[in-house]
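**Student:** This is the structure I have questions about; it appears just below.
Protein chains in written order, with my numbering: chain H, 1 to 468; chain R, 1001 to 1468.
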């Protein structure tokens, strides 16, 4: 990271934490230069970056000021409580129908579940593949058909360590992406007909997994900013024989919500009291804005009841299909189920990622990726405030790459989806994110573009599909 | 393949088909040189190879002769009919216990399920990884999160074509090894409590999959030479509400049996009459001895009821975890289930294998591998005849790399397994291959070694564990 980016990051953090308040004047270039002993050009570059990110404004012959809230901002949506009954899930057909029509490469990918792969160090990852595989002795090929490459598991365990979570390499099972990790967790914890708690709205793949395994879903109210509502969850746990709870405490898909640390601690303890395992989907945990990785709920697990699932697909290596689960007391059961369903995870992918992690390049890559996503979020919020119909509400994500947009209630998200597809734009209609499909005027929009201007243009064009 | 290998292959085929009979004299070197217009040294090399493979003997000052059956040969085992009821499966714990103790790299791998990786073109495969991934445009990374790389699917479809089976690339779903393919097939076809037919003995992973999915198994008598007994199968189909039939018509694991073409045709037609889908596990189909790939049952499928599963793990690329299923009328259901359980198969593995196939190196590699396995089989049969206790029976495989050994009935295969492990040798005890564990004096032995002498020594040492 360059010096001006570091300095800009510090200022951004001061603004985020309201140490610098809206309308307040930033240090002049001369002041900053003297205080921080950095060059004027570095400070100019930092201020230009912050301006481009919409955090500050320049008033000619006056200086730089923290942007005030006066500019139009769409309000935030509220919690939309679900019904409290458990029900079988039947959503897969709709999901496949919608996803099938959005998979077209020609579409502008506002509906995609993935960050633009241009934002990943694909070249450097690829470079490791051949040398790593050549170095592997033939005997090691069959020896690797296990729960995961030892080096990779050690690296993952180290990363947990620096995030303040104690995970032994032996507790880890390397999987074919987080998707397999989550499915293994469900398979180990449930039998057909069992009740599983999910957030509401929730990631459609969670609903599909429940449908496939013939499980019943109870949806729990989830706040767009702070995540799952603990009082509602407690009521559900009292009312239903819940076998597992599937949650995304960090940057939930689709809401982008981030559970406060105290809520995470309370979530783990509440579930432990009911002896309900938590399947924690944490694939976006590394994509935080600000300075510190939010801890996973796993950090507060003293009973081995949290199965923490994550992957490199969303933060480093799309298509390599390397995820993992740290499954606490269920580690052996997960390992066995993995061996029985797909034996092991591809060795070339595992070794290339392990080699990349060894070199220590991940943190630098993630810093750049986070800045880019944070910038994009600001651009997207501005474009929505400017172009979307009056009455639109939108989340304020603190990480990840999704916005959850609540359109005026008379607008049908599926119609928007169809109209947008004709205009060359994909969106993810809210229908996909709940078993009862009550989010019928909502959209999940992906701002993980590599080109912020293209993002702004796409949102403007999408606005035309909504009002039209 | 070198000229002497080609010539040796021709002679071997004449012996196999009994055109050259036991005891008969081969053409002298001078005759052969004149008839075939190849050099004397080539002929000597070919004869030496055939002698090493145990097919011919050299009588000094007389010439080369087809080996007669006079040398000791252990007899073949017979069919061991199972009970005809359906039953839940509970074998996983035993399988994991036994496999766990055989996974030790230090053990001589007679119990392994894998050919020695030294027999695979690991270097050449590795070479393709980095260039292929560098060539992939970033946009293609998300576009590849589908049922499989288009190039790879085309190559697999071409291979079906040359084997006389019509499979469109669209019918193929690329999976994380054949294990995932087989599991997906079971998941698509069954619900918990359903009845599935398996061979007897059968591959323990099939039993584990049934156990995991809470299915009931009906075992069908399977002949060590000709595979599943069709009359028994028909009786089972009349008696039970069978939802699927899991078979390995080519070189069954553990028997090594090969269903005659007419039996395969009859199998497909029998199942079609009962509208029961066939899950065909054909991972060893490319490892035939002789000159032509035995067709899969899929070749006779006119109703789209055969789900043909295979992989590159046993024949080309262990650890890359690339398998597939050609699922007939179930193709879309399989594709969706794959997307829901593990999204897609690792791209680096898919592209490296596709590139390897493009260059046309596979057939040459397979020819060498088959010759090696055929040689090894002959060595192993000789060692068993010489060293194993009187009363031992053993199969005569026509492909693959397993021998199925029936020891005298008073010998406990689990005791042999334990004793052998102490002596540094792994075996797969017969207990693992049936839900009722009636193969308690049987062993599956892997002859896929890269060193035939080490194989012979291992079998000799194992014999000591049996009698001792």
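Beta carbons: idealized from backbone N, C-alpha and C, even for Gly.
Got a sec? Which residues, its chain only, sit under 8 Å from residue 1354 (chain R) by beta carbon, not counting five neighbours each side?
**Tutor:** Same-chain partners within the cutoff: 1132, 1149, 1151, 1152, 1155.
**Student:** Find the residues of chain R that neighbour residue 248 (chain H), judging by a C-beta separation of less than 7 Å, and give them in chain order.
**Tutor:** Ordered by position in chain R, no residue passes the 7 Å Cβ test against residue 248 (chain H), which lies about 17 Å from the chain.
**Student:** To which residues does DSSP link residue 308 (chain H) through a beta bridge?
**Tutor:** According to DSSP, which records beta bridges pairwise, residue 308 (chain H) is partnered with H:280, H:326.
**Student:** How do the segment 224 to 239 of chain H and the segment 393 to 413 of chain H stand: do at least 3 beta-carbon pairs fall below 8 Å, yes or no?
**Tutor:** Yes: at least three Cβ pairs fall under 8 Å.
**Student:** Residues of chain H with CB under 7 Å from residue 1144 (chain R), in chain order?
**Tutor:** Under the 7 Å cutoff, chain H gives 319.
**Student:** Smallest Cα separation from residue 1436 (chain R): which of R:1231, R:1316, R:1200?
**Tutor:** The shortest Cα separation from residue 1436 (chain R) among R:1231, R:1316, R:1200 belongs to R:1200.
**Student:** For the segment 1207 to 1219 of chain R, list every residue whose C-beta sits within 7 Å of some C-beta in chain H, in sequence order.
**Tutor:** Of all residues in the segment 1207 to 1219 of chain R, 1208, 1209, 1212 have a Cβ within less than 7 Å of some Cβ in chain H.
**Student:** So, helix, strand or coil for residue 444 (chain H), using DSSP?
**Tutor:** Residue 444 (chain H): strand per DSSP, three-state reduction.
**Student:** So residue 197 (chain H) and residue 242 (chain H) are supposed to be a Cβ contact under 8 Å. How far apart are they, rounded?
**Tutor:** Between residue 242 (chain H) and residue 197 (chain H) the Cβ distance is about 5 Å, and since that is below 8 Å, they are a contact.
**Student:** If you measure from the beta carbon of residue 1185 (chain R) to each beta carbon in chain H, is any gap under 7 Å?
**Tutor:** No, its Cβ sits nowhere closer than 7 Å to a Cβ of chain H.
**Student:** Using a Cβ distance threshold of 8 Å, determine whether the segment 121 to 138 of chain H contacts the segment 1121 to 1135 of chain R, with at least three qualifying pairs required.
**Tutor:** These segments touch.
**Student:** So residue 1177 (chain R) packs on residue 1321 (chain R), CB below 8 Å; how close in whole Å?
**Tutor:** The pair is a contact, with the Cβ atoms about 5 Å apart (cut-off 8 Å).
**Student:** Over what stretch of residues does the beta strand (DSSP E) that includes residue 1406 (chain R) continue unbroken?
**Tutor:** Run containing residue 1406 (chain R): 1402 to 1406, per the beta strand (DSSP E) assignment.
**Student:** Considering Cα atoms alone, identify which of H:1, H:66, H:84, H:441 is closest to residue 429 (chain H).
**Tutor:** Checking every option, the nearest Cα to that of residue 429 (chain H) belongs to H:441.
**Student:** Examine the Cβ distances between the segment 1180 to 1192 of chain R and the segment 1329 to 1342 of chain R and report whether three or more of them are shorter than 8 Å.
**Tutor:** Short answer: they touch.
**Student:** Could you give the uninterrupted runs of the beta strand (DSSP E) lying entirely in the segment 29 to 116 of chain H, keeping only those of 3 residues or more?
**Tutor:** Listed in chain order, the complete beta strand (DSSP E) runs (minimum 3 residues) inside the segment 29 to 116 of chain H are 56 to 59, 63 to 66.
**Student:** Between residue 1078 (chain R) and residue 1252 (chain R), what straight-line distance do the alpha-carbon atoms span, to the nearest angstrom?
**Tutor:** One C-alpha to the other measures close to 15 Å.
**Student:** Can you tell which of H:386, H:425, H:385, H:315 has the C-alpha that lies nearest to the C-alpha of residue 121 (chain H)?
**Tutor:** Of H:386, H:425, H:385, H:315, the residue nearest in Cα terms is H:315.
**Student:** Along the segment 418 to 448 of chain H, where does the CB come closer than 8 Å to a CB of chain R? Name the residues.
**Tutor:** Residues: none.
**Student:** Within a Cβ cutoff of 8 Å, which residues of the same chain sit near residue 279 (chain H), ignoring the five residues on either side of it in sequence?
**Tutor:** So the list reads 182, 185, 186, 189, 244, 245, 246, 247, 307, 309, once near-sequence residues are dropped.
**Student:** So if DSSP puts residue 1410 (chain R) in a beta bridge, which residue, or which two residues, is it bridged to?
**Tutor:** None; residue 1410 (chain R) has no bridge partner.
**Student:** Using beta carbons (cut-off 7 Å, strictly below), is residue 118 (chain H) in contact with chain R?
**Tutor:** Judged by the 7 Å Cβ criterion, residue 118 (chain H) is in contact with chain R.
**Student:** Helix, strand or coil, according to DSSP, for residue 263 (chain H) in the structure here?
**Tutor:** Looking at residue 263 (chain H) - three-state DSSP - the assignment turns out to be helix.
**Student:** Can you find a C-beta in chain R that's less than 7 Å from the C-beta of residue 341 (chain H)?
**Tutor:** Chain R contact via Cβ: present.
**Student:** Determine, using beta carbons only, whether residue 1324 (chain R) and residue 1165 (chain R) come nearer to each other than 7 Å.
**Tutor:** Cβ atoms of residue 1324 (chain R) and residue 1165 (chain R): not closer than 7 Å.
**Student:** Have a look at residue 1273 (chain R) and residue 1013 (chain R) and give me their C-alpha separation to the nearest angstrom.
**Tutor:** The straight-line gap from Cα to Cα measures roughly 37 Å.
**Student:** With 16 as the cutoff for other CB atoms within 10 Å, does residue 1068 (chain R) come out buried or exposed?
**Tutor:** Under this definition residue 1068 (chain R) is an exposed residue.
**Student:** For residue 118 (chain H) versus residue 375 (chain H), is the C-beta spacing smaller than 7 Å?
**Tutor:** Result no, Cβ atoms of residue 118 (chain H) and residue 375 (chain H) do not sit closer than 7 Å.
**Student:** If you measure from the beta carbon of residue 314 (chain H) to each beta carbon in chain R, is any gap under 7 Å?
**Tutor:** Judged by the 7 Å Cβ criterion, residue 314 (chain H) is not in contact with chain R.
**Student:** Would you kindly report the start and end of the unbroken beta strand (DSSP E) that includes residue 1196 (chain R)?
**Tutor:** Where residue 1196 (chain R) is concerned, the enclosing beta strand (DSSP E) stretches over 1195 to 1200.
**Student:** Along chain R, which residues have their Cβ under 9 Å away from the Cβ of residue 176 (chain H)?
**Tutor:** In chain order: 1176, 1180, 1321, 1341, 1342, 1343, 1344, 1345, 1346.
**Student:** Can the beta-carbon of residue 1326 (chain R) be found less than 7 Å from the beta-carbon of residue 1167 (chain R)?
**Tutor:** Yes, these two residues count as a Cβ contact at 7 Å.
**Student:** Which first and last residues belong to the alpha helix (DSSP H) in which residue 212 (chain H) is found?
**Tutor:** 204 to 212 is the span of the alpha helix (DSSP H), which, as asked, contains residue 212 (chain H).
**Student:** Quick check: what's the CA-CA separation for residue 250 (chain H) versus residue 210 (chain H)?
**Tutor:** Approximately 21 Å between the Cα atoms of the pair.
**Student:** Show which residues of chain R have a CB atom less than 7 Å away from the CB atom of residue 96 (chain H).
**Tutor:** Within chain R, the residues near residue 96 (chain H) are 1336.
**Student:** Determine, using beta carbons only, whether residue 349 (chain H) comes closer than 7 Å to chain R.
**Tutor:** Chain R contact via Cβ: present.
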